[in-house]
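Line by line, the protein sequences are chains A and B. Each residue of the first sequence is one higher than the one before, counting from 1 in our numbering. Each residue of the second sequence is one higher than the one before, counting from 1 in our numbering.
Protein chains: 2
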Amino acid sequence: MNPTAQIEGWSTPRLLLDADRLDRNAARMRARCEELGVTLRPHLKTAKSLEVARVAAGGNRGPITVSTLAEAEYFAAAGWRDILYSTAIVPAKLARADRIQREHGARVLLVLDDRDAAAAIGRAAASLDARFGVLVEIDCGEHRSGVEPASRELIALAEIIEACAPHLELMGVMTHAGHSYALDELPRIRGLAEVERLAAVASAGLLRAGGHACPIVSIGSTPTVLFAEHLEGITEVRAGVYLFWDLSQLSRGVCTLEDIAISVLATVIGHQRRGPSLILDAGALALSKDIGANHFMPNAGYGWVCDVDTVQPLGSLTVGTVHQEHGSVPLPDESWFARLPIGSLVRILPNHACLTCAAYASYEVLRAGKGIEQWPRIGGW
Amino acid sequence: MNPTAQIEGWSTPRLLLDADRLDRNAARMRARCEELGVTLRPHLKTAKSLEVARVAAGGNRGPITVSTLAEAEYFAAAGWRDILYSTAIVPAKLARADRIQREHGARVLLVLDDRDAAAAIGRAAASLDARFGVLVEIDCGEHRSGVEPASRELIALAEIIEACAPHLELMGVMTHAGHSYALDELPRIRGLAEVERLAAVASAGLLRAGGHACPIVSIGSTPTVLFAEHLEGITEVRAGVYLFWDLSQLSRGVCTLEDIAISVLATVIGHQRRGPSLILDAGALALSKDIGANHFMPNAGYGWVCDVDTVQPLGSLTVGTVHQEHGSVPLPDESWFARLPIGSLVRILPNHACLTCAAYASYEVLRAGKGIEQWPRIGGW
Numbered sequence: 001m002n003p004t005a006q007i008e009g010w011s012t013p014r015l016l017l018d019a020d021r022l023d024r025n026a027a028r029m030r031a032r033c034e035e036l037g038v039t040l041r042p043h044l045k046t047a048k049s050l051e052v053a054r055v056a057a058g059g060n061r062g063p064i065t066v067s068t069l070a071e072a073e074y075f076a077a078a079g080w081r082d083i084l085y086s087t088a089i090v091p092a093k094l095a096r097a098d099r100i101q102r103e104h105g106a107r108v109l110l111v112l113d114d115r116d117a118a119a120a121i122g123r124a125a126a127s128l129d130a131r132f133g134v135l136v137e138i139d140c141g142e143h144r145s146g147v148e149p150a151s152r153e154l155i156a157l158a159e160i161i162e163a164c165a166p167h168l169e170l171m172g173v174m175t176h177a178g179h180s181y182a183l184d185e186l187p188r189i190r191g192l193a194e195v196e197r198l199a200a201v202a203s204a205g206l207l208r209a210g211g212h213a214c215p216i217v218s219i220g221s222t223p224t225v226l227f228a229e230h231l232e233g234i235t236e237v238r239a240g241v242y243l244f245w246d247l248s249q250l251s252r253g254v255c256t257l258e259d260i261a262i263s264v265l266a267t268v269i270g271h272q273r274r275g276p277s278l279i280l281d282a283g284a285l286a287l288s289k290d291i292g293a294n295h296f297m298p299n300a301g302y303g304w305v306c307d308v309d310t311v312q313p314l315g316s317l318t319v320g321t322v323h324q325e326h327g328s329v330p331l332p333d334e335s336w337f338a339r340l341p342i343g344s345l346v347r348i349l350p351n352h353a354c355l356t357c358a359a360y361a362s363y364e365v366l367r368a369g370k371g372i373e374q375w376p377r378i379g380g381w
Numbered sequence: 001m002n003p004t005a006q007i008e009g010w011s012t013p014r015l016l017l018d019a020d021r022l023d024r025n026a027a028r029m030r031a032r033c034e035e036l037g038v039t040l041r042p043h044l045k046t047a048k049s050l051e052v053a054r055v056a057a058g059g060n061r062g063p064i065t066v067s068t069l070a071e072a073e074y075f076a077a078a079g080w081r082d083i084l085y086s087t088a089i090v091p092a093k094l095a096r097a098d099r100i101q102r103e104h105g106a107r108v109l110l111v112l113d114d115r116d117a118a119a120a121i122g123r124a125a126a127s128l129d130a131r132f133g134v135l136v137e138i139d140c141g142e143h144r145s146g147v148e149p150a151s152r153e154l155i156a157l158a159e160i161i162e163a164c165a166p167h168l169e170l171m172g173v174m175t176h177a178g179h180s181y182a183l184d185e186l187p188r189i190r191g192l193a194e195v196e197r198l199a200a201v202a203s204a205g206l207l208r209a210g211g212h213a214c215p216i217v218s219i220g221s222t223p224t225v226l227f228a229e230h231l232e233g234i235t236e237v238r239a240g241v242y243l244f245w246d247l248s249q250l251s252r253g254v255c256t257l258e259d260i261a262i263s264v265l266a267t268v269i270g271h272q273r274r275g276p277s278l279i280l281d282a283g284a285l286a287l288s289k290d291i292g293a294n295h296f297m298p299n300a301g302y303g304w305v306c307d308v309d310t311v312q313p314l315g316s317l318t319v320g321t322v323h324q325e326h327g328s329v330p331l332p333d334e335s336w337f338a339r340l341p342i343g344s345l346v347r348i349l350p351n352h353a354c355l356t357c358a359a360y361a362s363y364e365v366l367r368a369g370k371g372i373e374q375w376p377r378i379g380g381w
C-alpha cells in the first residue's frame with residue numbers, strides 16, 4: 001500500500017512513532033554508554049511502552065527506570081526484572097511495590113532522601129516482611145529533591161537504611177541534573193555533566209570511606225549523558241527523552257530535526273480568514289500545554305507544523321494557540337489555504353514529547369513511512 | 001468507615017469528584033436555563049462521563065454536546081440520542097459519525113463553517129447514503145472559527161447545505177463566546193453575553209428571512225450563560241465547566257471556592273529544605289501545565305493546595321513548579337514540614353478542570369466526604 005494513502009485513512013489526532021529514527025536514537029545512546037563504560041538504565045517515563053523499552057535495551061530485558069508504580073507493574077509483568085522507581089517512595093505505596101516484587105520476581109529499587117521517611121519505609125518493609133534495595137538521592141543542584149552531595153545527611157540516611165536490614169539494603173546513590181534542561185550551550189551542559197558526576201562520585205566515595213556499600217552510582221539526564229567528557233566512577237546512567245527527542249531538546253542544540261521520532265498526525269479542520277490561520281484538530285489535549293521549548297526557541301509554539309510525508313517543517317508554521325480540541329496556526333498569508341485545504345493532514349513535532357505522548361493510549365508505528373503496527377502505552381498511576 | 005481513614009488507603013495521584021457539589025452545580029444551571037427559557041445541552045468535554053452526564057441532565061438522556069467522536073460514540077452507545085459534535089467535521093470523519101447514528105439510533109448534529117468543506121461533506125454523506133443535521137458556526141468575536149454573523153457567507157453556506165438534501169439538513173446556527181474566559185468583570189461578561197446572543201439571533205433572523213430553516217439557535221460558554229440578562233431568541237445553550245468549576249473560573253469571579261467539585265488527591269513525598277518546599281507526587285501529568293487562571297490570579301500556580309478533609313486552602317500554598325511526576329510547593333517557612341510530614345495527603349484544586357481531568361481514567365466519587373464509587377471517563381479521540 002502507498003504509505004500516504006494508508007495514512008490518509010487514519011483518524012486524527014494520532015500519535016506517530018518513526019521506528020527507524022527510534023532505532024537510530026537507541027543505538028546511538030547504547031554506543032555512547034559503551035564508550036563511556038557505563039550501564040544504560042533507560043528511563044521509560046517518556047515512552048511507557050514495552051516495545052520501545054525492548055528497542056532501548058537492544059533486545060534484552062536489562063535494567064530500566066520508571067516514574068510511576070503503574071509503569072513498574074507493567075514492565076515487571078512483562079518480565080523486566082531490574083526496575084528503578086525514581087520517584088521518592090512513601091510508606092503507603094510500599095505494599096504495591098512489594099507485590100510487584102513478589103508476583104513478578106522483579107527487583108524494585110527505591111529512592112529515598114529523608115531520614116524520617118527512610119525510617120518509616122524501613123518499618124513498613126519489616127511489617128510486610130519485604131526486602132528492597134535503596135538508593136539515596138543526591139541533589140546535584142536542581143534543588144528539587146535529594147540530600148547535599150557527600151554530606152553528613154547522606155551518612156545519617158545510610159545508617160538509618162542499614163539499621164533496617166534485612167528489609168532495606170543500601171545499594172548506592174543516584175542524582176539527576178534536571179537543570180541541564182535550562183541550558184542551551186554545549187560547554188555549559190558539559191560543565192554541568194561534570195557537576196552531576198562529581199556529586200554522585202563524591203557521595204559514593206564518602207559512603208565507601210565510612211564502610212557503607214555503594215555498588216550503584218547512578219546519574220542521568222539526556223543532555224549530560226550525551227555531552228559528559230567522561231563518566232569515571234559512575235556505574236549507570238538514566239536517560240529517556242533521547243529515544244524520541246522533541247523541540248525542547250532541539251531548542252537546546254541537543255538533537256537535530258531529523259532525530260525527532262515522534263509526531264502528532266492532525267487534520268486541517270478550518271480556515272480562519274481573520275488572522276489568517278489554519279485550525280487543526282490537535283489542541284491542548286492532543287499536544288499538551290507545555291511550552292518548555294519556547295525559552296530558547298520562541299517560535300516553537302505548541303509544536304511545528306510539518307509535511308505529512310517528509311516531516312519537514314511547512315514554512316515556519318507553528319501551532320500558536322490551543323483550545324481543548326483546536327489548534328490555531330497563524331499563517332503569513334492566505335496562499336496557505338490552497339496548499340492546505342480543509343481535510344489535509346499535517347504532522348506536528350511536539351514541544352515536549354513526554355507530555356504530548358501522555359495523551360495517547362498507543363503509538364502508530366511507522367517504518368519507511370508505512371504504518372506497521374500499534375504499540376500500547378501504560379498511562380495513569 | 002471513617003472518611004479520612006478510607007481516603008488514606010487510596011493510592012495517589014487520584015482524581016476526586018465531590019458528588020454533592022456536582023449535584024448543586026448541575027441543579028443551579030438547570031434552574032438558570034429554565035429561568036432563561038432555553039434548553040440546556042451540557043457540553044461533556046470536561047466531564048467525559050456517563051454518570052456526570054446523567055447528573056447534568058437531571059436524570060434524563062437529553063441533548064448533549066461533545067468535542068470528539070470518541071465521546072459521541074461513548075454516549076450514543078449508552079443511549080444518548082441527541083448529540084451535537086461541536087468540532088468542525090471533515091469528510092474523513094464522516095463514516096464514523098454515520099456509524100454512530102446507524103448503530104445506536106442517535107442523531108449526530110454536525111458543525112460547519114466553510115463552503116468547500118460543506119460541499120465535500122455533502123458529497124461524502126451522499127456516498128454513504130447518510131443523513132445529518134448541520135449547524136453553521138458563527139464567529140461572535142473569538143475569531144477561532146465560524147463565519148461572520150448575519151453575513152452573505154452564512155447564506156452561501158446555508159444554500160450549499162440545502163443543496164445537499166436529503167443528506168444534509170440545515171438545523172440552525174451555533175456560536176461560542178470563548179473569549180468570555182478573557183474577562184473578569186461581570187458587567188463586561190454580561191456585555192459579551194449580549195454580543196454572543198445577538199450574533200446567533202441576527203444570523204437566525206437572516207436565515208429565516210431568506211426562507212431557510214433555523215430551528216436551533218445555540219450559544220454557550222459557562223460565564224455568558226450565567227450572566228446573560230436574557231436569552232431571547234436563543235433555543236439552547238451549551239456549557240460544561242460549570243459542572244466542576246476550577247481556579248480559572250474562580251479567578252474570573254464566576255464561581256466560589258465552595259463550588260469547585262473536582263480535586264486531585266496527592267501525597268507529600270519530599271521536604272526540600274532549600275527553598276523551602278514540599279514535593280508532591282502530582283506533577284505535570286497529574287495536574288496539566290495549563291496556567292490559564294494565572295492571568296487574573298497570579299498565585300494560582302498549577303493548583304491550590306488544600307486540606308484533605310475540609311478542602312480549604314492550606315495558607316496560600318500553591319503548586320509553583322511541576323515536573324512530569326513532581327509538584328513543588330514553595331513554603332513561607334519550615335514550620336509546614338511538621339504540619340505536612342512526608343506521607344501526608346493533600347487535595348489540589350486544579351487550575352483548569354478540563355485539562356486536569358483528562359489525565360485520569362476515572363473519578364473517585366465522594367458523598368459527604370466518603371468514597372462511594374468510581375465513575376469511568378472516556379479519553380482519546
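Beta carbons are placed, not taken as given, at the ideal position from N, Cα and C, and that holds for glycine.
Minimum Cβ-Cβ distance from residue 164/B to chain A less than 8 Å:
It does not: the Cβ of residue 164/B has no partner Cβ on chain A nearer than 8 Å.
May I ask you to list, following chain order, the residues of the region 34-52 of chain A that have a beta carbon less than 7 Å from some beta carbon of chain B?
45
Quick one: give me the first and last residue of the alpha helix (DSSP H) that residue 360/B is part of.
From DSSP, residue 360/B is part of no alpha helix (DSSP H); its letter is neither H nor E.
Beta-carbon neighbours of residue 326/A, restricted to chain B and to distances below 8 Å
87, 144 and 145
By alpha-carbon positions, which one of 251/B, 320/B, 290/B and 74/B ends up nearest to residue 184/B?
251/B
Separation of residue 241/B from residue 28/A, as counted between CA atoms:
Rounded to the nearest whole angstrom, the CA to CA distance from residue 28/A to residue 241/B is 46 Å.
Members of the region 100-113 of chain B near chain A, C-beta cut-off 9 Å
For chain A, the residues of the region 100-113 of chain B that bring a beta carbon within less than 9 Å of one of its beta carbons are 113, in chain order.
In terms of residue numbering, what span does the beta strand (DSSP E) encompassing residue 374/A cover?
370-376
The region 319-328 of chain B touching the region 281-298 of chain B, judged by at least three CB pairs closer than 8 Å:
yes
Can you list the residues of chain B that residue 65/A reaches, using a CB-CB cut of under 9 Å?
Residues of chain B passing the Cβ test: none, with the nearest at roughly 12 Å.
Helix, strand or coil, according to DSSP, for residue 43/A in the structure here?
strand
C-alpha distance - residue 198/B paired with residue 206/B, whole-angstrom precision:
Computed Cα separation, rounded: 12 Å.
So what does DSSP say about residue 101/A, is it helix, strand or coil?
helix
Put residue 82/A into one of helix, strand or coil per three-state DSSP.
Reduced to three states, the DSSP call for residue 82/A is strand.
Using a Cβ-Cβ distance cut-off of 8 Å, determine whether residue 381/A contacts chain B.
yes
Beta-carbon proximity of residue 305/A to residue 254/A, cut-off 8 Å:
no
Is it right to say residue 246/B is buried, meaning 16 or more other beta carbons lie within 10 angstroms of its own, or is it exposed?
Residue 246/B should be labelled buried.
Check for me: the alpha helix (DSSP H) holding residue 4/B runs from which residue to which?
In the DSSP assignment, residue 4/B falls within the alpha helix (DSSP H) that extends over 3-8.
With three or more beta-carbon pairs closer than 8 Å as the criterion, would you say the region 43-56 of chain A touches the region 363-378 of chain A?
yes
Measure the C-alpha to C-alpha separation of residue 22/B and residue 261/B and round it to an integer number of angstroms.
6 Å
Using a C-beta to C-beta distance shorter than 8 Å, which residues of chain A count as neighbours of residue 13/B?
381
Taking C-beta pairs closer than 9 Å, name the residues in chain A that residue 358/B reaches, listed in chain order.
In chain order, 284, 285, 324 and 359 make up the part of chain A whose C-beta sits under 9 Å from the C-beta of residue 358/B.
Closer than 8 Å by C-beta to residue 6/A: which residues in its own chain qualify, once you throw out the five before and the five after it? Chain order, please.
Here the set comprises 370 and 371.
Any C-beta of chain A sitting closer than 8 Å to the C-beta of residue 214/B?
It does not: the Cβ of residue 214/B has no partner Cβ on chain A nearer than 8 Å.
Against residue 90/B, what residues of chain A qualify as contacts under a CB-to-CB distance less than 7 Å, listed in chain order?
267, 269, 342 and 343
Which term fits residue 34/B, buried or exposed, when burial requires 16 or more other beta carbons within 10 angstroms of its beta carbon?
exposed
So what's residue 266/A in DSSP terms, helix, strand or just coil?
strand
Step through the CB atoms of chain E and report whether any lies within less than 8 Å of the CB of residue 306/A.
In the displayed structure, chain E is absent; the protein chains listed are A and B.
Own chain, CB closer than 7 Å to residue 30/B, minus 5 neighbours either side, in chain order:
40 and 58
Taking three-plus beta-carbon pairs below 8 Å as touching, is the region 152-172 of chain B in contact with the region 135-144 of chain B?
yes
Any idea which residues DSSP pairs residue 349/A with across the strands?
Beta-bridge pairing links residue 349/A to 304/A.
Proximal residues of chain A, C-beta to C-beta of residue 96/B below 8 Å:
11
Please report how far the alpha carbon of residue 120/B lies from the alpha carbon of residue 266/A, in whole angstroms.
Their backbone Cα atoms lie some 18 Å apart in a straight line.
In chain B, which residues lie less than 8 Å from residue 279/A when you measure between Cβ atoms?
88, 144 and 145
Is the region 97-110 of chain B in contact with the region 60-76 of chain B, if contact means three or more CB pairs nearer than 8 Å?
yes
Identify, in the order they occur along the chain, each residue of the same chain with its Cβ nearer than 7 Å to the Cβ of residue 13/A, setting aside the five sequence neighbours on each side.
264, 265, 266, 281, 282 and 286
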